[in-house]
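*Asks:* A single structure is presented below for examination.
There are 2 protein chains.
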Amino acid sequence: MNIVVTGAAGFLGKKLVQALLAKGCLHNAHGQPQAIKRLTAIDIAPLEGIDDPRLSVQCGDISQPGSLETLIGEQTDSVFHLAAVVSGQAEQDFDLGMKINVDGARQIMERLRALPQCVRLVTTSSVAVFGGKLPEKVPDDQVWMPQSSYGTQKAMNDLLLSDYSRKGFLDGRSLRMPTIVVRPGKPNTAASSFASSIIREPLNGESATCPVSLATRLWLMSPARAVQALILGHELNSDALDKGRVINLCGLSVTVEEMLASLSRIHSAGVLSHIRYQADQTIANIVNSWPGDFHASYARQLGFQANESFDEMVREYLAESGAAESRC
Amino acid sequence: MNIVVTGAAGFLGKKLVQALLAKGCLHNAHGQPQAIKRLTAIDIAPLEGIDDPRLSVQCGDISQPGSLETLIGEQTDSVFHLAAVVSGQAEQDFDLGMKINVDGARQIMERLRALPQCVRLVTTSSVAVFGGKLPEKVPDDQVWMPQSSYGTQKAMNDLLLSDYSRKGFLDGRSLRMPTIVVRPGKPNTAASSFASSIIREPLNGESATCPVSLATRLWLMSPARAVQALILGHELNSDALDKGRVINLCGLSVTVEEMLASLSRIHSAGVLSHIRYQADQTIANIVNSWPGDFHASYARQLGFQANESFDEMVREYLAESGAAESRC
Numbered sequence: 001m002n003i004v005v006t007g008a009a010g011f012l013g014k015k016l017v018q019a020l021l022a023k024g025c026l027h028n029a030h031g032q033p034q035a036i037k038r039l040t041a042i043d044i045a046p047l048e049g050i051d052d053p054r055l056s057v058q059c060g061d062i063s064q065p066g067s068l069e070t071l072i073g074e075q076t077d078s079v080f081h082l083a084a085v086v087s088g089q090a091e092q093d094f095d096l097g098m099k100i101n102v103d104g105a106r107q108i109m110e111r112l113r114a115l116p117q118c119v120r121l122v123t124t125s126s127v128a129v130f131g132g133k134l135p136e137k138v139p140d141d142q143v144w145m146p147q148s149s150y151g152t153q154k155a156m157n158d159l160l161l162s163d164y165s166r167k168g169f170l171d172g173r174s175l176r177m178p179t180i181v182v183r184p185g186k187p188n189t190a191a192s193s194f195a196s197s198i199i200r201e202p203l204n205g206e207s208a209t210c211p212v213s214l215a216t217r218l219w220l221m222s223p224a225r226a227v228q229a230l231i232l233g234h235e236l237n238s239d240a241l242d243k244g245r246v247i248n249l250c251g252l253s254v255t256v257e258e259m260l261a262s263l264s265r266i267h268s269a270g271v272l273s274h275i276r277y278q279a280d281q282t283i284a285n286i287v288n289s290w291p292g293d294f295h296a297s298y299a300r301q302l303g304f305q306a307n308e309s310f311d312e313m314v315r316e317y318l319a320e321s322g323a324a325e326s327r328c
Numbered sequence: 001m002n003i004v005v006t007g008a009a010g011f012l013g014k015k016l017v018q019a020l021l022a023k024g025c026l027h028n029a030h031g032q033p034q035a036i037k038r039l040t041a042i043d044i045a046p047l048e049g050i051d052d053p054r055l056s057v058q059c060g061d062i063s064q065p066g067s068l069e070t071l072i073g074e075q076t077d078s079v080f081h082l083a084a085v086v087s088g089q090a091e092q093d094f095d096l097g098m099k100i101n102v103d104g105a106r107q108i109m110e111r112l113r114a115l116p117q118c119v120r121l122v123t124t125s126s127v128a129v130f131g132g133k134l135p136e137k138v139p140d141d142q143v144w145m146p147q148s149s150y151g152t153q154k155a156m157n158d159l160l161l162s163d164y165s166r167k168g169f170l171d172g173r174s175l176r177m178p179t180i181v182v183r184p185g186k187p188n189t190a191a192s193s194f195a196s197s198i199i200r201e202p203l204n205g206e207s208a209t210c211p212v213s214l215a216t217r218l219w220l221m222s223p224a225r226a227v228q229a230l231i232l233g234h235e236l237n238s239d240a241l242d243k244g245r246v247i248n249l250c251g252l253s254v255t256v257e258e259m260l261a262s263l264s265r266i267h268s269a270g271v272l273s274h275i276r277y278q279a280d281q282t283i284a285n286i287v288n289s290w291p292g293d294f295h296a297s298y299a300r301q302l303g304f305q306a307n308e309s310f311d312e313m314v315r316e317y318l319a320e321s322g323a324a325e326s327r328c
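Quick note, the sequences are listed as chains W and Z, same order.
For the first sequence, our numbering gives the first residue as 1, with consecutive numbering after it.
For the second sequence, our numbering gives the first residue as 1, with consecutive numbering after it.
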């Protein structure tokens with residue numbers, strides 16, 4: 001089996017590459033498990049730190065015409081397309097967002113369409129496709145009304161991937177990811193970046209800024225669950241996808257207040273002193289336009305699973321990062 | 001006031017151009033009525049048969065890069081973008097549909113974005129954006145799940161127009177048109193073409209084929225109402241658009257059986273002998289994926305109106321076409 005991962009040097013991409021190599025096999029279109037013989041990891045920056053004879057690290061800009069011809073071909077069985085411009089950046093640089101999130105994704109779909117075999121394509125969408133007046137708990141048949149360019153671009157992809165699948169050009173699955181928390185590393189320009197920062201920085205003894213109100217409700221998923229979901233999204237038989245190719249994943253619905261309560265419970269009450277509360281209306285507007293709770297009935301029917309508690313998510317970060325669990 | 005109409009040589013485009021020239025003025029962005037001084041009518045084929053000093057007839061392919069620079073400029077106040085590849089053709093020729101319905105529309109939006117003034121853009125979307133499991137009467141917050149490339153492409157535009165409006169690049173309004181019936185002329189490659197044929201051809205003493213079951217429920221609007229809706233869509237103040245830039249228009253919900261009953265009532269029972277019933281699964285699949293009834297609450301709130309009866313729609317066609325009302 002030949003697998004391609006785009007955005008492979010990103011946080012989730014690298015985790016996925018590691019998980020795929022560790023798993024060693026995936027199901028093919030006929031539902032049979034096949035050993036992964038080759039994994040082509042594409043990103044603008046090279047994926048580093050993984051040494052495996054099956055891995056081929058490639059640098060490339062997926063939005064450049066012709067960039068995919070040599071990387072995706074008749075030998076390709078499946079593509080995990082994760083390369084994207086994040087929400088904050090797509091909002092600031094509209095053209096870059098369109099170029100990567102829409103034209104880049106379309107170019108991948110066009111490349112797959114040109115191949116004789118029907119390639120399985122797993123990609124990520126976002127809860128940012130929702131907005132406007134929403135019920136407290138969003139059903140699967142809720143209309144999309146993105147309040148950001150990122151959400152718009154992801155929704156456009158969802159439509160295109162569904163139509164390419166319907167036409168038999170490829171076998172697509174788009175997973176609407178909850179906000180992934182706790183991300184390691186530094187804050188990025190995603191509007192949701194604070195959701196990791198307010199946990200990660202205090203645990204590392206650093207200060208973090210909370211730009212939204214404590215009552216803000218978020219729909220979250222841990223990195224490990226996200227990688228599990230991407231792999232399950234691939235493994236599902238197409239016959240099971242009777243409600244379409246776009247799946248609102250299961251997540252955990254928590255408020256910022258509950259997140260911080262969990263942080264202080266797991267670490268110490270004093271850890272909260274690292275957090276500064278400074279409203280940022282731009283971020284708050286984007287984040288508040290995203291729903292904080294979903295039914296995700298289709299995802300549950302398909303076997304996707306949410307984290308059980310926010311404590312679990314904090315502990316996953318602690319285990320992965322090696323940050324001290326308690327300094328009190 | 002300078003107005004541009006694309007797809008101006010099409011059936012609806014020509015009717016709109018005539019209505020705009022007859023009306024003589026439109027409201028500008030400040031809500032003030034302004035005389036229409038120039039109306040640029042763009043289409044691949046030239047718009048013919050209208051003689052008016054305000055009219056400038058232009059031939060051009062909106063999907064060609066650079067084609068719009070001379071046609072839409074700093075003098076442009078409003079654009080009615082109607083140019084599109086119809087549903088049947090977009091399904092048969094995927095690339096052409098993408099080129100005109102997505103890339104062409106995006107090129108128009110990009111042209112407007114490049115201008116210093118905020119141009120009002122009125123365009124048409126379609127009930128073909130809906131599909132999958134639907135309630136009998138579709139609410140405004142129903143998710144889009146197109147079952148055709150045409151519906152996919154229109155939904156992508158709806159998203160883009162909404163985001164361009166949110167960003168202030170233009171002032172867009174996308175009207176989700178019911179199926180327009182009774183169209184004059186010949187059948188076209190729209191999957192809904194039969195809905196006009198089964199009325200028009202019998203009234204003209206010609207034979208027509210009904211490719212769907214009599215129980216098929218359609219969501220219809222007459223050409224005159226459609227033109228009214230396009231103009232109202234332009235005239236609405238942007239402040240009124242509090243539920244977004246995409247509006248599911250009001251229509252009339254009727255079954256094919258009710259349409260034929262109206263035809264025989266207005267003309268004669270014998271007129272139905274012109275209709276052959278021959279199932280076409282491809283057309284039936286597309287048409288049956290479209291909802292036959294909508295709440296259209298937002299449209300009603302904004303002042304849009306549906307036809308009162310199918311009889312009204314048949315009579316509108318008779319009055320416009322001069323076909324004999326009764327030959328019995």
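Backbone N, C-alpha and C fix where the C-beta goes; we use that ideal spot for every residue, glycine too.
Every value quoted in this text rests on a predicted model; they were computed, and no experiment measured them.
Report the residue from W:Glu257, W:Gln281, W:Asn285 whose alpha carbon sits nearest the alpha carbon of W:Leu272.
*Replies:* Nearest option by C-alpha distance: W:Glu257.
*Asks:* Going by C-alpha distance, which of Z:Asn101, Z:Glu110, Z:Cys25, Z:Thr76 is nearest Z:Thr124?
*Replies:* Of the listed residues, the one whose Cα sits closest to Z:Thr124 is Z:Asn101.
*Asks:* List, in order along the chain, the chain W residues whose C-beta lies closer than 9 Å to that of Z:Leu236?
*Replies:* Within 9 Å Cβ-Cβ: nothing; Z:Leu236 doesn't reach chain W, min ~18 Å.
*Asks:* When you compare the CB of W:Lys137 with every CB in chain Z, is at least one pair closer than 9 Å?
*Replies:* So no, W:Lys137 is outside the interface.
*Asks:* Going by the beta-carbon positions, is the gap between Z:Arg176 and Z:Val254 smaller than 9 Å?
*Replies:* For Z:Arg176 and Z:Val254, no; Cβs fall outside 9 Å.
*Asks:* Quick check: the stretch 31-40 of chain Z against the stretch 126-134 of chain Z, are there 3 or more CB pairs under 8 Å?
*Replies:* Touching, no.
*Asks:* Residues in its own chain within less than 8 Å of Z:Ala284 by CB, not counting five upstream and five downstream?
*Replies:* Cβ within range, chain order: Pro211, Val212, Ser213, Thr216.
*Asks:* Between Z:Ser67 and Z:Ile3, is the Cβ-Cβ spacing less than 9 Å?
*Replies:* Not in contact: Z:Ser67 and Z:Ile3 (Cβ atoms no closer than 9 Å).
*Asks:* So what does DSSP say about Z:Ser309, is it helix, strand or coil?
*Replies:* The answer is coil: DSSP assigns Z:Ser309 none of H, G, I, E or B.
*Asks:* Can you give me the C-alpha to C-alpha distance between Z:Lys15 and Z:Ala229, rounded to a whole angstrom?
*Replies:* Each residue's alpha carbon lies about 12 Å from the other.
*Asks:* In angstroms with no decimal places, state the Cα-to-Cα distance between Z:Glu308 and Z:Arg315.
*Replies:* Their backbone Cα atoms lie some 12 Å apart in a straight line.
*Asks:* Could you please give me the residues that DSSP links to Z:Gln34 through a beta bridge?
*Replies:* DSSP lists Z:Leu26 as partners of Z:Gln34.
*Asks:* Going straight from the alpha carbon of W:Met156 to that of Z:Leu203, what length do you get?
*Replies:* In a straight line, the C-alpha of W:Met156 is about 42 Å away from that of Z:Leu203.
*Asks:* Please specify which runs of the beta strand (DSSP E), each continuous and at least 3 residues long, are wholly inside the stretch 21-108 of chain Z, giving them in chain order.
*Replies:* Counting only runs of 3 or more, we get 25-27, 33-35, 38-43, 55-59, 78-81.
*Asks:* Restricting to runs no shorter than 3 residues, where is the beta strand (DSSP E) found entirely within the stretch 175-213 of chain W?
*Replies:* Runs of the beta strand (DSSP E) inside the stretch 175-213 of chain W: 208-210.
*Asks:* Counting only C-beta atoms, is W:Lys23 closer than 9 Å to chain Z at any point?
*Replies:* No, W:Lys23 does not count as interfacial toward chain Z.
*Asks:* Sort out for me which residues DSSP pairs Z:Trp144 with in a bridge.
*Replies:* DSSP lists no partner for Z:Trp144.
*Asks:* Quick one: is Z:Gln34 near chain W, going by C-beta distance under 9 Å?
*Replies:* For Z:Gln34, the answer is no, since every Cβ of chain W falls outside 9 Å of its Cβ.
*Asks:* Taking 9 Å as the CB-CB cut-off, is W:Glu325 touching chain Z?
*Replies:* Low confidence applies here, because W:Glu325 scores a pLDDT of 49, under 50, leaving its location unreliable and the question unanswered by this model.
*Asks:* Would you verify that the beta carbon of W:Cys328 is, or is not, closer than 9 Å to some beta carbon of chain Z?
*Replies:* For W:Cys328, the predicted structure reports a pLDDT of 39, less than 50, and the residue's modelled location is therefore unreliable. The matter cannot be settled from this model.
*Asks:* Is the distance from the Cβ of Z:Glu235 to the Cβ of Z:His27 below 9 Å?
*Replies:* The answer is yes: Cβ separation under 9 Å.
*Asks:* To which residues of the same chain is Z:Arg106 closer than 7 Å at the C-beta, ignoring the five residues directly before and after it?
*Replies:* Within the same chain, Z:Arg106 has close Cβ partners Leu160.
*Asks:* Is W:Asn157 helix, strand or coil when you go by DSSP?
*Replies:* Here W:Asn157 sits in helix by DSSP.
*Asks:* When the Cα atoms are used, what is the spatial distance from W:Pro53 to W:Thr40?
*Replies:* Looking at the two C-alpha atoms, the distance is approximately 11 Å.
*Asks:* Take every Cβ of the stretch 134-145 of chain Z, pair it with every Cβ of the stretch 79-96 of chain Z, and state whether three or more of those distances are shorter than 8 Å.
*Replies:* With the cut-off at 8 Å, the stretch 134-145 of chain Z and the stretch 79-96 of chain Z do not touch.
*Asks:* Going straight from the alpha carbon of Z:Tyr317 to that of Z:Leu232, what length do you get?
*Replies:* The straight-line gap from Cα to Cα measures roughly 22 Å.
*Asks:* Just checking my contact of W:Ala90 with W:Ser149 at CB under 8 Å: how many whole Å lie between their CB atoms?
*Replies:* Yes, they are in contact, since the Cβ atoms of W:Ala90 and W:Ser149 sit about 5 Å apart, within 8 Å.
*Asks:* Roughly how many angstroms separate the alpha carbons of Z:Phe304 and W:Lys154, rounded to a whole number?
*Replies:* Each residue's Cα considered, the two are about 31 Å apart.
*Asks:* Report the residues of the stretch 84-100 of chain Z with a CB closer than 8 Å to any CB of chain W, ordered along the chain.
*Replies:* The stretch 84-100 of chain Z vs chain W, Cβ under 8 Å: Phe94.
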